[in-house]
Amino acid sequence: MAERRRPTFAELPDDVRGWVEHTVGGRVVRTVAVQGGFSPGVAEALFTAGGAAGFLKAVHPGLNPDTPALLRAEAKALASMPSGLPIAALIDVHDQGDDGWVALLLEHVDGRQAPLPWTSEAADAALASLVVLSAALTPAPAGEWVRAETARRSMFTCWPALTDCADLDPWLVDRVPWLNAAAERALSAMAGDALIHLDLRADNMMQRPDGALVIVDWAWAMLGAAWIDPVLLAIEFISSGAPGLDIDALLTRVADQHGIGVDTAVDTLAGILGFFEAACRRPDPPGLPTLRDFQRFQADALRGWLKESVLAGHLQ
Numbered sequence: 026m027a028e029r030r031r032p033t034f035a036e037l038p039d040d041v042r043g044w045v046e047h048t049v050g051g052r053v054v055r056t057v058a059v060q061g062g063f064s065p066g067v068a069e070a071l072f073t074a075g076g077a078a079g080f081l082k083a084v085h086p087g088l089n090p091d092t093p094a095l096l097r098a099e100a101k102a103l104a105s106m107p108s109g110l111p112i113a114a115l116i117d118v119h120d121q122g123d124d125g126w127v128a129l130l131l132e133h134v135d136g137r138q139a140p141l142p143w144t145s146e147a148a149d150a151a152l153a154s155l156v157v158l159s160a161a162l163t164p165a166p167a168g169e170w171v172r173a174e175t176a177r178r179s180m181f182t183c184w185p186a187l188t189d190c191a192d193l194d195p196w197l198v199d200r201v202p203w204l205n206a207a208a209e210r211a212l213s214a215m216a217g218d219a220l221i222h223l224d225l226r227a228d229n230m231m232q233r234p235d236g237a238l239v240i241v242d243w244a245w246a247m248l249g250a251a252w253i254d255p256v257l258l259a260i261e262f263i264s265s266g267a268p269g270l271d272i273d274a275l276l277t278r279v280a281d282q283h284g285i286g287v288d289t290a291v292d293t294l295a296g297i298l299g300f301f302e303a304a305c306r307r308p309d310p311p312g313l314p315t316l317r318d319f320q321r322f323q324a325d326a327l328r329g330w331l332k333e334s335v336l337a338g339h340l341q
């Protein structure tokens, strides 16, 4: 897999570092970098001589032209949320405009990224946390939010273009019409009034010492049905689950909790597989050398699960 090196707090321009230290309340004497995720920007926990702490995310369009907009979107989402949620609260934003740095200073979470592989106990805890979170974010906080069924349409319409892909698994080639229909059904079921995260993985969940989970990285927040987040988290249960993790049982439970048919959950995974199969064949985006390998890894795992799962019988 290609390597990625993020810039550090020490390498930021003086004015950005000055804003950080003024906002956090002291001179930064120690930093701890985060390795997960795909952002090409700074992602570091900061600690001052006086004991204050924060978490910094900062990016310049020269690193990747799209990432500044994602930080702005995350700031908007965090600023809208009520207090008391299991999130890393927004402290302040520093935005130099289209040609400059965008930086978010967030609450420091004392903990670690949720560990992989996913065990049954960890998956149960994550799904329970999402039930509590979705209850607090349904209906969504006031604001202008994009809708999942609109914003994610392009991700769920990839199957037709894959019919001409010479290296596509023959099992998929034979089923493209059914997989495309599944993606269309999933898209039509996504409308809802919850504020959803839409990018849940272990590296977007921090685990406190007491085991409580904190959900971070809200750049893709939008309106949608509350079942979407736990179903999409199941992608990582499939690709990075411990031996014996019962994916079918977890998906069936999620479907029952949210009052949807389990076919809707499976159709959603079939739809997102089309996106992964298409995306992993594209050139690397600027500053994101690990993204395509990750998408290929997810595609391989999802494809294998769809071939074998009893729940996916309507697609086999």
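First residue of the sequence shown: 26, per our numbering; consecutive thereafter.
In this text, a Cβ means the ideal position worked out from N, Cα and C, and glycines have one as well.
Checklist entry - Would you report the Cα separation of residue 65 and residue 317, rounded to the nearest angstrom? => result 14 angstroms
Three or more beta-carbon pairs under 8 angstroms between the region 92-100 and the region 110-129, yes or no? yes
- prompt: With DSSP run on the structure shown, which of helix, strand or coil describes residue 249?
  reply: strand
task: Alpha carbon to alpha carbon, how far is residue 139 from residue 174? Give it in angstroms, no decimals.
output: 29 angstroms
Please determine, among 72, 289, 267, the residue with the shortest C-alpha to C-alpha distance to residue 340.
-> 289
Does the structure place the region 295-307 close enough to the region 176-192 that three or more beta carbon pairs sit under 8 angstroms? yes
Looking at the structure shown, is residue 127 part of a helix, part of a strand, or coil, going by DSSP? strand
Return helix, strand or coil for residue 47, following the three-state DSSP convention. helix
Can you give the Cα-Cα distance for residue 59 and residue 223, rounded to whole angstroms? 21 angstroms
Return yes when the Cβ of residue 326 is within less than 9 angstroms of the Cβ of residue 264, no when it is not.
yes
query: Terminal residues of the continuous beta strand (DSSP E) containing residue 120?
result: 115-120
Nonlocal neighbours in the same chain, by C-beta distance under 6 angstroms from residue 154, ignoring five residues either side = 238
Exercise for review: Kindly indicate which residue of 48, 101, 106, 90 has the alpha-carbon position closest to the one of residue 79.
Suggested key: 48
- Query: Is residue 188 buried or exposed, if buried means 16 or more other CB atoms sit within 10 Å of its CB?
  - Reply: exposed
What's the C-alpha gap between residue 312 and residue 243? 20 angstroms
query: So residue 240 is in the alpha helix (DSSP H); what residue range does that whole segment cover?
result: Looking at the DSSP string, residue 240 is not in any alpha helix (DSSP H); the run it does join, the beta strand (DSSP E), is 238-240.
Any beta strand (DSSP E) of 3 or more consecutive residues that is wholly inside the region 247-294 = 247-249
| query | Start and end of the beta strand (DSSP E) containing residue 67? | reply | 67-73
Tell me which residues share the same chain as residue 322 and place their Cβ nearer than 7 angstroms to its Cβ, disregarding the 5 neighbours each side in the sequence.
264
- The alpha helix (DSSP H) enclosing residue 329, as first and last residue numbers: 316-333
Review point. Helix, strand or coil: how does DSSP classify residue 80 here?
Key: strand
Q.
Cutting at 6 angstroms between CB atoms, please list the residues of its own chain near residue 32, excluding the five before and the five after it.
A. 67
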